[in-house]
Amino acid sequence: MPFAGAFLDFTPKKREFGAANAAIMTLVTFIQVFLFQSTWFAMAILESVVISATYFANLMVMWSYVKPDNEHKLHGVTASGQIMAMFGLLSFLITVAVVGILTGWDAVMLARFSQVLAAVVGGLFLYQSYQRYEPVLAQKAAPVGGNFYLEGLRSLKSTIGDLGKTAPGAQRFLISSMFADGATLSTINISVVYLKEQLGMSDFNTQLYLIIVICFFFPGALVARTLGRRLGQKRSYVLCLAYFVVVIVAFVAGLSGPKHQMISFIFAPLLGIGYAWFYPSNNAFFITLIPPGRDM
């Protein structure tokens, strides 16, 4: 990420950099159709390393283009983007589920189909997106003979140091977001494992649970937009974190065995709202904290 941030700052190739990462991500997604018992470890490495890196590089390019005139528009952009992303995710999940029911494919064959679907549809949308991005000039001149990765680390260190002097709260936000983002991202994955291992939930009920979670992404994004506009990014973000803590503590404390399977569905809408509330508020707050001339 330091390399990506420096590349975006020091070169006029922001769009080309994003398009290259999008192409790599699409290609690696398609390659995973060759999933066999002998290749699963290599595929896992590609998924966890290459796709993760290119995905976050794409996010950096995307958010570097998001510069609304005021906070009101900013909340509209981030929340609307979250709604569209969740609509795509829900459509993908339903399509895969329907195909699985109609064809009777096993888990491996269905996984291959889902990778082809993600690569083809996702690749087309990414292509259309980068066709609409405008070329931009470099934010600042790169040092002669400089190493992008080292410059990125220096810029990151400089930014954190400057924020510690001028805006300590922003500095703490950047540090804490590293933990909050990872914890939030893992919430749904861990909850699914908890439902299956601890509560003994069937595959069908688990899929139904996930569909309910995703359906409530839409009201969650609306909550983020409404509270962000009325209370401001910081208060909306803090309220979201507090909400998540309460929901997760109640989830773990209230669900302990198979007898609680039906009760667990109460938490599906709550998790969906919290998940979709977190990312727009986090991104909107982060964008306002980026120093001028630094997209990383």
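Start counting the sequence shown at 8; every next residue gets the next number (our numbering).
Each residue gets a CB set at the ideal place from its N, CA and C atoms; glycine is no exception.
Neighbourhood of Tyr121 by C-beta distance below 8 Å, restricted to the same chain and skipping five residues each side: Note on residue identity: the sequence assigns Ser, not Tyr, to residue 121. Close CB contacts of Ser121 within its chain, under the 8 Å cut and outside five residues either way in sequence, are with Phe99 and Val103 (chain order).
Residue range of the alpha helix (DSSP H) that Thr36 falls in? In the DSSP assignment, Thr36 falls within the alpha helix (DSSP H) that extends over Lys21 to Ile38.
Write down the C-beta distance between Thr33 and Gly95 rounded to the nearest angstrom, noting that I regard them as a contact closer than 8 Å. That belief does not hold up - the Cβ atoms of Thr33 and Gly95 are roughly 15 Å apart, past 8 Å.
Which class does Pro142 belong to by DSSP, given the choice of helix, strand or coil? Assigned with DSSP and collapsed to three states, Pro142 falls in coil, not helix or strand.
Could you give the distance in angstroms between the alpha-carbon of Asp16 and the alpha-carbon of Ile31? Each residue's alpha carbon lies about 21 Å from the other.
Complete alpha helix (DSSP H) runs within the stretch 186-273 (minimum length 4 residues, chain order): Complete alpha helix (DSSP H) runs here, min 4: 210-222, 224-238, 240-261 and 268-271.
Quick one: is Trp284 buried, meaning 16 or more other Cβ sit within 10 Å of its Cβ, or exposed? Taking all protein chains shown into account, Trp284 has 16 or more neighbouring C-beta atoms within 10 Å of its C-beta and is therefore buried.
Limits of the unbroken alpha helix (DSSP H) element including Ser59: Residue range Ser59 to Ser71 is occupied by the alpha helix (DSSP H) that includes Ser59.
Near Phe310, what residues of its chain come up, given a Cβ to Cβ distance below 6 Å and the 5 sequence neighbours on each side ignored? Look at the range of the chain in this structure, 8 to 303, and you will see that residue 310 is not part of it.
Residues in the same chain with beta-carbon distance under 7 Å from Ile221, minus the five sequence neighbours each way, listed in chain order, please. Closer than 7 Å at Cβ, skipping near neighbours: Met93, Leu96, Leu97, Leu100 and Gly279.
Leaving aside the five residues before and after Val230 along the sequence, list all residues of the same chain whose C-beta is less than 7 Å from its C-beta, in chain order. Excluding five sequence positions before and after Val230, the CB atoms of its chain that fall closer than 7 Å to its own CB belong to Ile280 and Trp284, given in chain order.
With 16 other CB atoms within 10 Å as the buried threshold, where does Thr110 fall? Exposed is the call here.
Beta carbon of Ile219 nearer than 8 Å to that of Tyr282: Taking C-beta atoms as the reference points, Ile219 and Tyr282 fail to come closer than 8 Å.
So Phe41 is in the alpha helix (DSSP H); what residue range does that whole segment cover? No residue range can be given for Phe41, since it is assigned to no alpha helix (DSSP H) and is classified by DSSP as neither H nor E.
Collapsed DSSP secondary structure at Gly300 in the structure displayed: Bear in mind that a pLDDT of 48 at Gly300, under 50, signals an unreliable position, so the model cannot answer this.
Span separating the alpha-carbon of Met91 from that of Ala60: Approximately 22 Å between the Cα atoms of the pair.
Does the structure place the stretch 200-211 close enough to the stretch 252-272 that three or more beta carbon pairs sit under 8 Å? Yes, they touch.
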